[in-house]
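Worksheet for the structure shown next.
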Amino acid sequence: MKVRDKLRAVLGTMVLLALHSQVAAAEPVEVGVRRMEIPSPERGRALDVVVWYPADSGGSPVMLGDTPFFEGTPAQRNAPIAEGHFPLVLLSHGAGLAGQAEAMSWIAAPLAQRGFIVAAPTHPGNGGPKRSAAETMKLWLRPSDISHTLDAMERIEPFAQHLAPNQVGVLGLSMGGSTALAIAGARFEPRLLASYCDEPAHNPSLCGWVHQSGIDLHAMDMRAAGRDYRDRRIGFAMAIDPAPADIFDKASLPTVAIPVYLVNLGHAAEIPATAQASTIAGSIPKVGYAVIEDASHFSMFGACKPGAAQAAEEQDIEEPICSDGTGRSRRAIHAQLVDMVEAAFRRGLGVKAR
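Residue numbering for the sequence shown is -26 to -1, 1 to 328, as defined by mature numbering (1 follows the signal peptide of the UniProt record, and there is no 0).
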């Protein structure tokens, strides 16, 4: 074969491969979802874990995160997992109306569609009908929930054989953001946690509920709060509006060895002081920090259904759960957050684009 013919053959093969890659990239990826229960010695009860994953066709349609206020996200229950190895995102939710794993479907399902396995435990007592102020304020139990979830993912099929080696990260939103930082190596300061609600205005919604529930944080046994809950299997952490961000032992922040990406939602003057990540960013060695100014803390909730804001007011929910920044819809903000999370995890864990 002449050199020119060889070149044509090679170029032809490259074109075919490129076309194949474009077709493969264009093929829709199904989102599978499964539930599992895992033990938690610290909690003395089982944890409910939801796992979203890239899937092949099959399973049964299900809508996750659908509530009277928020729209759900579709997935295929018990669909077969797709071929390949995928990075793992351990996801920690917030408290209150977003206090269950399913509430994070709006961000978990798109990540699964983009080639990540996402596993989220529901932190007991943080939301739903059995919501408890006392359990919610035991912030030190949350990192253990995440570590136990990772234990299960490394052991339980079909997920164990599909995990990409050494590509595990943690993503936390709101109170889940402080969980992500704790599992990265930041330690809670028991004294700061005990005094967190001394001034209810510090966090009116959370602390108002704590006081109404008759909880005295100073009387709570916090001997375990200041321990190091770092999980060295985790190679990257991302926290969006971490709250509370102001109860960490400042001396522990420089010991965080993995890359961390912090995001705040809203203009600087509007971000609650307790969620202001910029105050801790300078103390973490490998840190990135970004702000989405035309968003709000409530942008981390699902997309609101028509009439949800009025329904919330009628139910005496004082927080503006359907309010975002100015000029963009919540869906648009969600799309930006998903893009940011995907890019951050690919960069932080060294994951190649699909």
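We put the CB at the ideal spot given by N, CA and C, even for glycine. Note that the structure is predicted; figures quoted are calculated from it, not measured.
Collapsing the DSSP output to three states places L113 in coil.
By the CB criterion at 9 Å, R320 and D268 fall outside the cutoff.
Closest in alpha carbon position to A29, among L71, P61 and I91, is I91. A straight line joining the alpha-carbon of I157 with that of D190 spans about 26 Å.
In this chain, the beta strand (DSSP E) harbouring V25 covers R19 to A29. Taking the C-beta atoms as reference points, A83 is found no nearer than 9 Å to P61. An exposed status is given to N140, since fewer than 16 other beta-carbon atoms sit within 10 Å of its beta-carbon. Taking every protein chain shown into account, the CB of D290 has fewer than 16 other CB atoms within 10 angstroms, so this residue is exposed. From the listed residues G39, A213, A175 and G102, the smallest Cα separation to W26 is found for G39. If one requires a minimum length of 3 residues, the beta strand (DSSP E) runs lying completely within the stretch 239 to 294 are 261 to 266, in chain order. Bounds of the alpha helix (DSSP H) holding Q87 are S79 to Q87. Counting along the chain, the unbroken beta strand (DSSP E) around F210 starts and ends at F210 to I214.
For the set Y235, E287 and C278, the Cα lying nearest the Cα of M314 is the one of Y235.
Excluding residues up to 5 positions away in sequence, G70, E292 and E293 lie with their Cβ nearer than 8 Å to the Cβ of S179 in the same chain.
Looking only at A193, S257 and W183, the smallest Cα-Cα distance to R165 is reached by A193.
The Cβ atoms of P216 and G146 sit closer than 9 Å to each other. Nearest Cα to N100 within the set G89, H122, M78 and Q74: Q74. Each of C171, P218 and G58 was checked against the Cα of W114, and the nearest Cα belongs to P218. For F319, there is no enclosing beta strand (DSSP E); the enclosing alpha helix (DSSP H) has its first and last residue at R304 to L323. Going by C-alpha positions, R17 is about 15 Å away from M196. Only residues of its own chain outside the window of five on either side were considered, and among them S257, I258 and P259 have a CB closer than 8 Å to the CB of P228, listed in chain order. Contact check for L155 against T96 fails: the beta carbons are separated by 9 Å or more.
H271 is a Cβ neighbour of A249, given a cutoff of 9 Å.
For G102, the three-state secondary structure derived from DSSP is coil. Within the model, the alpha-carbon separation for T153 versus T253 is close to 17 Å.
Taken in chain order, the whole beta strand (DSSP E) runs of length 3 or more contained in the stretch 178 to 240 are 210 to 214 and 234 to 239.
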